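Residue numbers (our numbering), protein chains in the order written: chain W, 1 to 346; chain V, 1 to 189.
Reading through the structure tokens given below for one structure.
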Amino acid sequence: MYRASGKTISGLIAVALVIAAVVVGVVSILRLDTTGESGSVLSAEYTYDLGKLAAIDPNLILYAESRPPVGTGFRQSRAIALDTSGRIYVAGDRAIGIFSPTGNPEKLIDLSGEPRCLTVADDGKIYIGVGDHVEVLTAEGQPAASWNPLGEEAVLTGIAKHKDDVFVADAGHRIVLHYNAAGMLVGHIGEKDPDKNIPGFVIPSPHFDLAVSRDGLLRVANPGRNRIETYTFDGDFEFSWGERSVKIKGFCGCCNPVNFALLPDGSFVTAEKGLDRVKVYNSDGGFVGVVAGPAQLGKEGQIKLCNTPEECREGGFDVAVTPDGRIYVLDVTGNMIRVFQKKAAG
Amino acid sequence: MANDKENLTRRHFLREGLWGACLAGAGTAAGLSVARNNPDNMVWQIDPYKCIGCGNCATYCVLEHSAVKCVQAYAICGYCDLCTGYLVPEPKALDTGAENELCPTGAIKRTYVEDPYYEYMIDETLCNGCGKCVKGCLAFGNGSLFLQVRHDRCKNCNECSIAAACPSQAYKRVPADQPYLLKKVDLKE
């Protein structure tokens, strides 16, 4: 009797074990994530959280978008400039698009190559960096001049005109070229020279911008050193400002700021890539506030962060300002022009 | 017999020879095509232009230590002092201190070249393919760091478990004689 009972119990235990094993097996198979839905399940140590870095204190955002964005019509927008009447010029694809101050398309000027930078002079002439050389168009958009090519490695990413001087930033050769208005090369600025205390430009990626400030000095972004440097027209290095930091007051990453513009009071409007941020610094380089961050620059309220290699590669917004202090931001990935205006005090 | 020899004119010989050569060529091409597309001659690889560095490569590989490793395209690298693939977003200093390193396994080695340039190398024995450096380099830098399946380790499973779990469909089959998909230099980009 006891033996029979013991056998029964053993049998029951064996059956229970088999059932348990089957259940565990089935549950394991059902819970197996073969599609990656549950993610890598790596700890925070192994993940790079760009979203966390993108957060900006709302109190620091001093500007708001003043009207709906305007599409540029380009597949790849590159640069933006304004003329004295407030008309908007956008370089992209193989053309220049001209828009009215309110954003209505007015004209499309075809170019011989892909433009990367442009500026509009007081007399209306348009100076454009196209491939390895500068092209000049009349105010009506007719070809006026094509300057000497600068070689295969030239990547012209910034251009500014001041009276009879034209300055061109060549990211490929990491140098600023100083021309006269007729296109004659006057000199080079920024070549590394320890004897003259010139640090040299560090340009890891093709983002290299410049502008002439109202004090008659040349301001040049040195993105690899995360700062803006000041030079005389003769090429003497004067001083620089800029702090390396992912915090809002600094320039983050390997190569920022990518572009900048000057407000009428001499303040700087800077654009950064990686974490797309547009900020204002006073004429001494002191942080003033934020125009827009990833949350403001995203589409339809989404935070703008680059995820795919393509998105990351195309980053690097351009900026332009109007005499009344409005800030135009060219979204090179969304191919849109956004206009920001300072919020009313209080 | 003599008649046969007489019938084999030079024109006949060339025509027959040409046909033979064409058939041999077509056969070789077909054979190569079959061999190239034979599953046995295809291997898994990551398209670096689709990879988003999600981290799944580190945990979905059937191997204990993933066959996916970070590689460096030196021609694309900016040799940055503030390398966002090597340093944490807010480093205490731009140096090789462990507290400043982004890689959780310390798999990236930094070597001074000249001011302000540094070379970055991957120690594959330490890299687990998490892609953290890839994401940092991609977001702020030139994207010179990217992930590749290393075929000295990969078992070339018929159904690659990482490929099934890849959210950006970056995995593809490539010919075994060209097993790597490397990034190309484009100075204009």
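Just so you know, even glycine gets a beta-carbon here, dropped at the ideal spot from N, CA and C.
Just so it is clear, the structure is predicted and the values come from calculations on it, not from any experiment.
Where residue 5 of chain W sits in the DSSP three-state scheme: helix
message: Let's see if you can read the secondary structure: which residues bound the beta strand (DSSP E) around residue 172 of chain V?
response: 171–175
message: Under 8 Å, CB to CB, which of the residues in the region 328–340 of chain W have a partner in chain V?
response: none
message: Along the chain, where does the alpha helix (DSSP H) containing residue 310 of chain W start, and where does it finish?
response: 309–313
query: For residue 158 of chain V, which of V/25, V/43 and V/93 has the nearest alpha-carbon?
result: V/43
Backbone CA spacing between residue 174 of chain W and residue 201 of chain W [nearest angstrom]: 6 Å
task: Using 10 angstroms around the beta-carbon of residue 146 of chain W, count the other beta-carbons present and answer buried if the total reaches 16, otherwise exposed.
output: exposed
task: Can you pull the chain V residues whose beta carbon is under 7 Å from the beta carbon of residue 127 of chain W, in chain order?
output: Near residue 127 of chain W there are no residues of chain V at all, since even the closest Cβ is about 20 Å away, more than 7 Å.
- request: Count the CB pairs spanning the region 42–59 of chain V and the region 116–124 of chain V that are closer than 8 Å, and state whether there are at least three.
  value: no
message: 8 Å is my cut-off, CB to CB: does residue 59 of chain V come that close to chain W?
response: yes
query: Considering only C-alpha positions, which residue in the set W/345, W/325 and W/298 is nearest to residue 332 of chain W?
result: W/298
Exposure label - residue 91 of chain V; buried when at least 16 CB within 10 Å: buried
Rounded distance between the beta-carbons of residue 258 of chain W and residue 291 of chain W, thought under 8 Å: Their Cβ separation, rounded to whole angstroms, is 15 Å, which puts residue 291 of chain W and residue 258 of chain W out of contact at 8 Å.
Interface partners of residue 125 of chain V on chain W, CB under 9 Å: Under the 9 Å cutoff, chain W gives no residues; its nearest Cβ is about 17 Å from residue 125 of chain V.
query: Counting pairs of Cβ atoms below 8 Å between the region 142–160 of chain V and the region 60–67 of chain V, do you hit three or more?
result: yes
- prompt: Just the Cα atoms here: how many angstroms apart are residue 81 of chain W and residue 89 of chain W?
  reply: 5 Å
- request: Show which residues of chain W have a CB atom less than 8 Å away from the CB atom of residue 138 of chain V.
  value: 306, 309 and 312
message: Considering Cα atoms alone, identify which of W/142, W/168 and W/161 is closest to residue 154 of chain W.
response: W/168
message: Is there a C-beta anywhere in chain W that falls below 8 Å from the one on residue 104 of chain V?
response: yes
query: On the three-state DSSP scale, how would you describe residue 1 of chain V?
result: Annotation note: pLDDT 46 at residue 1 of chain V (below 50); position unreliable, coordinate value reported separately. Looking at residue 1 of chain V - three-state DSSP - the assignment turns out to be coil, as it is neither helix nor strand.
message: Do residue 48 of chain W and residue 327 of chain W have their beta-carbon atoms positioned less than 8 Å apart in this structure?
response: no
- prompt: For residue 165 of chain V, which three-state DSSP category applies?
  reply: helix
task: Taking all protein chains shown into account, decide if residue 318 of chain W is buried (16 or more other Cβ within 10 angstroms of its Cβ) or exposed.
output: buried
task: Would you identify the three-state DSSP class for residue 171 of chain W, choosing helix, strand or coil?
output: coil
field: Cβ of residue 49 of chain V within 8 Å of any chain W Cβ
entry: yes
query: Taking a cut of 7 Å between CB atoms, which residues from the region 190–208 of chain W lie near chain V?
result: 202, 204, 205 and 206
message: Using only the alpha-carbon positions, how far apart do residue 125 of chain V and residue 302 of chain W sit?
response: 39 Å
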